[in-house]
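As you go down the protein sequences, you meet chains A and B in turn. Sequential numbering from 2 applies to the first sequence in this note's numbering. Sequential numbering from 2 applies to the second sequence in this note's numbering.
2 protein chains.
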Amino acid sequence: MFQINKKIPKSLGRAGIISTPHGEIQTPAFVAVGTKATVKSLTPEQIKETGSQIVLANTYHLYLEPGEKIIKKIGGLHKFMNWSGPMMTDSGGFQAFSLGAAYGNKLSKFIGIEKLKVEKLNDLEIENKRAKITEDGVEFRSIIDGSKHFFTPEKSMQIQRDLGADIIFAFDECTSPHASKDYLKEAMERTHRWAERCLACFSSPGQGGGGVGLFGIVQGGRYEDLRKESAKKISGLGFEGFGIGGSFVKEDIATAVKWVNEILPEEKPRHLLGVGEPIDLILGVENGCDTFDCVAPTRMARNGSLYTSKGKINILNSKYKNILKSVEEGCGCYTCQNYTSSYVSHLFRSKEMLAATLATIHNLYFINNLVSQIRESILSGTFQKFRNKFLGTYKI
Amino acid sequence: MFQINKKIPKSLGRAGIISTPHGEIQTPAFVAVGTKATVKSLTPEQIKETGSQIVLANTYHLYLEPGEKIIKKIGGLHKFMNWSGPMMTDSGGFQAFSLGAAYGNKLSKFIGIEKLKVEKLNDLEIENKRAKITEDGVEFRSIIDGSKHFFTPEKSMQIQRDLGADIIFAFDECTSPHASKDYLKEAMERTHRWAERCLACFSSPGQGGGGVGLFGIVQGGRYEDLRKESAKKISGLGFEGFGIGGSFVKEDIATAVKWVNEILPEEKPRHLLGVGEPIDLILGVENGCDTFDCVAPTRMARNGSLYTSKGKINILNSKYKNILKSVEEGCGCYTCQNYTSSYVSHLFRSKEMLAATLATIHNLYFINNLVSQIRESILSGTFQKFRNKFLGTYKI
């Protein structure tokens, strides 16, 4: 499933190719987030034009609406949303937790260049919220209608197989970054037992196959001993690849992520869950990750925050009204090739839907172009030079 | 500027070609409404794919935001919004009135298959509202910031020339459909004087030219004598084409519109302002109109109301969740070629932006395909057959 093309000397990083039933993914790669079987505001043709190779959809959301059975009947997610390239689904665990247990508690898995903004919750509080975690699985209430649902590792496998993505994830418990170490350990061990149940389910007759890859998720928070224990355990179970879960700030990438990747088997792909800011991508690759997903590039785009090689700009700033050049000169994206900053800012001020489309295209192109440049630099042996130049130019 | 290809026997209707600096328009044609220099939720490439030949932008909105001078600096509307085909701008008169005088009074120019839903306003009330009409022009307040502005015929010409559309309209006063006949007559006569001022301004050195066509607007409400007087007066002034203004319900097309088109010179194109529902298009062509603009197809699309050959459907109806066929079988639009009703309804239920895009593409394609079929039927001498079949099948 995974082939390494070239490694970064004296580093965990590498460029490679992941093969899936719907085509290859040249890594490092950014996975465009298409939560509800749509990358917000884009058609699949537009997604492809941004250089995206793979789309992630969310098991939790699609299970609730329209339901995985309808999607299966249509022929799976690819047909449902008209995307012919590779796809991933997450396990549903994170949303069952964040939209269940943590719902309304300002607890968010906000990742990237900003510090985590969370409220402390003790384990008991988590237990009393909308999700209830037991050895068997997670009971949660729908964000749509408050109805009760129960996800188990086996249920997550069934839903994901019905959705029909190329890469699916084992059901895991994503804990609060402020949970106690004791609770983190308990949740991690439960995640390990769930991982074994997912593999058993996936390997049972009629369940796996079709070239679909099941990835195990490593947890363990910010504790070195837990991360290493989790990486060792998950490595030994026979997954096709790995996801690194949890809540990360930039500082965690060279620690928690590195600890894990030093242990995970080199020959299998590693996905860093929920990370996708430019600097984090560079640090993530350097520390051994191959693929990344994150809502930030698309969500920020919809708020008018656009990437440039010098950092983010807010296109709603009044000065852009009169700027008759593209958002970034030399950018090859559809937006920059065809529209001025003045027009894009006009669409935002006018609250026009095309604003989100043009901004999303720009940000996704920027991120895809960045990972593509990282790949090229690895292949040509100039990663360090590229890395240092980018980090020297890009201002947070 | 206008060439007639073929006429409908014993009728005012015809198929023709309007030539503009940005290409030809095969008529009858529907003009896609791009109020703020964007057809809501679509890129120009998507607009073109629906079969749209021409886009209308609104003078009032673009004057307020971003301002016509910025658009002129970029090289005009075509460059600003990246649309290379023909364009129209309206005169700004209707919005100065409807968003000024009538603002907040439930007075709307709702046109088409529904009855006008209006509150009676007498002339005095109109005078006291946010717009003030004098012989010189209209004073109104911005819907954006409440600031005061003054449109005159000359100002409308200057703004429209700066915007740079291919077909522009003379500044007119669009009255309430419930205004008294006396007031209608007064407003119509003022519109005639404004028309002469627009022509004088457009003809003055450095103002006209470039192959841009100035269209005069016929008013007169639902009164036969006023409509005929207006058509005669406007016909004699030397415009390149005509707009038929006012508020129409279906019943008015065979009366008010017909009265006008029996008088307007056959060799010039006629645009019916604000009309675009399927049945109205057929009646409009039959009664001598060549082009039409209307927000209905795109606005309804954003609300989940989609055209089919049997009438409109509401894709939010729960039954569509399980319909694995396209919105209309055999429809050649991008949406029907690539997505099921189930997916489109999922996007609407999920409040995803792609819902508006896919629905708008479908509705615009439907309307463009309808006018294209009308044209073909005129050219092949089968208009009556096509008309009767369509009216027999399409249910309001």
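All C-beta atoms in this analysis are idealised placements derived from N, C-alpha and C, irrespective of residue type, glycine included.
_Any beta carbon from chain B within less than 8 angstroms of His193 (chain A)'s own beta carbon?_
No - not a single Cβ of chain B is within 8 angstroms of the one on His193 (chain A).
*Could you tell me which uninterrupted alpha helix (DSSP H) segments, each at least 4 residues in length, are contained entirely in the stretch 264-328 of chain B, listed from first to last along the chain?*
Runs of the alpha helix (DSSP H) inside the stretch 264-328 of chain B: 279-287 and 297-303.
*In three-state terms, what does DSSP make of Gly242 (chain A)?*
DSSP places Gly242 (chain A) within a strand segment (E or B) once states are collapsed to three.
*For Arg142 (chain A), which of helix, strand or coil comes out of DSSP?*
It is a strand residue.
*From this set, A:Arg223, A:Gly210, A:Gln208 and A:Gly207, which residue's C-alpha is nearest Asp183 (chain A)'s C-alpha?*
For Asp183 (chain A), the nearest C-alpha among the options comes from A:Arg223.
*What number of angstroms, rounded off, separates the C-alpha of Gly68 (chain B) from the C-alpha of Leu78 (chain B)?*
Their Cα atoms are separated by approximately 11 angstroms.
*Tell me whether Ser20 (chain B) sits in a helix, a strand or coil according to DSSP, three-state version.*
Correct three-state label for Ser20 (chain B): strand.
*asked:* Tell me the DSSP secondary structure of Val372 (chain A) in three-state form.
replied: In the three-state reduction of the DSSP assignment, Val372 (chain A) falls in the helix class, which pools H, G and I.
*Got a sec, what are the start and stop residues for the alpha helix (DSSP H) Phe203 (chain B) sits in?*
Element bounds for Phe203 (chain B): Lys182 to Ser204.
*Hey, does Asn364 (chain A) have any beta-carbon neighbour from chain B nearer than 8 angstroms?*
For Asn364 (chain A), the answer is no, since every Cβ of chain B falls outside 8 angstroms of its Cβ.
*When the distance is taken between beta carbons, is Thr21 (chain B) closer than 8 angstroms to Asp167 (chain B)?*
Contact: yes.
*asked:* Output needed in chain order: residues of the stretch 324-341 of chain A with a Cβ under 9 angstroms from some Cβ in chain B.
replied: Within the stretch 324-341 of chain A, the residues whose Cβ lies closer than 9 angstroms to any Cβ of chain B are, in chain order, Leu325, Tyr335, Asn339, Tyr340 and Thr341.
*Which residues, in order along the stretch 74-87 of chain B, keep a beta-carbon less than 8 angstroms from a beta-carbon of chain A?*
Contacts with chain A (Cβ-Cβ distance below 8 angstroms) from the stretch 74-87 of chain B involve Lys74, Ile75, Phe81, Met82 and Asn83, listed in chain order.
*asked:* With a threshold of 6 angstroms on Cβ separation, who are the neighbours of Ile375 (chain A) within its own chain once the five nearest residues in sequence on each side are excluded?
replied: Cβ within range, chain order: Pro29 and Val286.
_Closest residue to Thr299 (chain A) among A:Lys8, A:Ser53, A:Val56 and A:Ala33 (Cα-Cα distance)_ = Answer by Cα proximity: A:Ala33.
*Which residues in chain C sit within 7 angstroms of Glu353 (chain A), going by Cβ to Cβ distance?*
Within the model displayed, chain C is absent; protein chains A and B are what it includes.
*Between the C-alpha atoms of Lys259 (chain B) and Gly289 (chain B), what's the straight-line distance to the nearest angstrom?*
Going by C-alpha positions, Lys259 (chain B) is about 7 angstroms away from Gly289 (chain B).
*Using the beta-carbon count (16 or more within 10 Å), is Gln4 (chain A) buried or exposed?*
Under this definition Gln4 (chain A) is an exposed residue.
*Measure the beta-carbon distance from Gly343 (chain B) to Tyr321 (chain B) and round it to whole angstroms, keeping in mind my assumption that it falls under 8 angstroms.*
Per the sequence shown, residue 343 (chain B) should be read as Ser rather than Gly. The Cβ separation is near 7 angstroms, so the contact holds.
*Would you mind stating whether Phe98 (chain A) and Ala58 (chain A) have Cβ atoms separated by less than 8 angstroms?*
Note that the C-beta distance between Phe98 (chain A) and Ala58 (chain A) is not below 8 angstroms.
*By how many angstroms is the C-alpha of Leu284 (chain A) removed from the C-alpha of Gly246 (chain A)?*
About 16 angstroms.
*Can you check whether the CB of Ile316 (chain B) is closer than 8 angstroms to the CB of Ile9 (chain B)?*
It is not a contact, given that the beta carbons lie outside the stated cut-off.
*Taking all protein chains shown into account, decide if Gln47 (chain B) is buried (16 or more other Cβ within 10 angstroms of its Cβ) or exposed.*
So Gln47 (chain B) counts as buried.
*Using DSSP with H/G/I as helix, E/B as strand and the rest coil, what is Ala171 (chain B)?*
Annotated three-state conformation of Ala171 (chain B) is coil, per DSSP.
*When DSSP builds the beta bridges, which residues end up paired with Gln4 (chain A)?*
Note: Gln4 (chain A) sits in a beta bridge opposite A:Ile18.
*Output the distance between the C-alpha atoms of Glu155 (chain A) and Phe170 (chain A), rounded to the nearest integer angstrom.*
Between the alpha carbons of Glu155 (chain A) and Phe170 (chain A) lies a distance of about 12 angstroms.
*CA-to-CA distance, His150 (chain B) to Ser143 (chain B), given in whole angstroms*: Looking at the two C-alpha atoms, the distance is approximately 7 angstroms.
*Is Ala33 (chain A) helix, strand or coil by DSSP?*
The answer is strand: DSSP assigns Ala33 (chain A) an E or B state.
*Taking only beta-carbon positions, decide if Leu13 (chain A) is within less than 8 angstroms of chain B.*
The beta-carbon of Leu13 (chain A) is placed no less than 8 angstroms from the nearest beta-carbon of chain B.
_Here's a check: name, in chain order, each residue in its chain whose Cβ is nearer than 6 angstroms to the Cβ of Glu225 (chain A), leaving out the five neighbours to either side._
Non-local C-beta neighbours of Glu225 (chain A) in its own chain, meaning closer than 6 angstroms and more than five positions away in sequence, comprise Trp260, ordered along the chain.
*Which same chain residues, not among the five before or five after Asn123 (chain B), have their C-beta less than 6 angstroms away from its C-beta?*
Caution is warranted here: a pLDDT of 43 is assigned to Asn123 (chain B), below 50, making its placement in the model unreliable, and the coordinate value is therefore given only provisionally. Excluding residues up to 5 positions away in sequence, nothing lies with its Cβ nearer than 6 angstroms to the Cβ of Asn123 (chain B) in the same chain.
*Between the beta-carbon of Lys390 (chain A) and the beta-carbon of Lys311 (chain A), is there less than 8 angstroms?*
No, they are not a contact pair.
_Limits of the unbroken alpha helix (DSSP H) element including Gly393 (chain A)_ = Under the DSSP assignment, Gly393 (chain A) falls in the alpha helix (DSSP H) whose first and last residues are Phe384 to Thr394.
*asked:* Under 8 angstroms, Cβ to Cβ, is there at least one residue of chain A near Leu392 (chain B)?
replied: For Leu392 (chain B), the answer is no, since every Cβ of chain A falls outside 8 angstroms of its Cβ.
*Is the CB of Lys322 (chain A) under 8 angstroms away from at least one CB in chain B?*
Yes, its Cβ sits closer than 8 angstroms to a Cβ of chain B.
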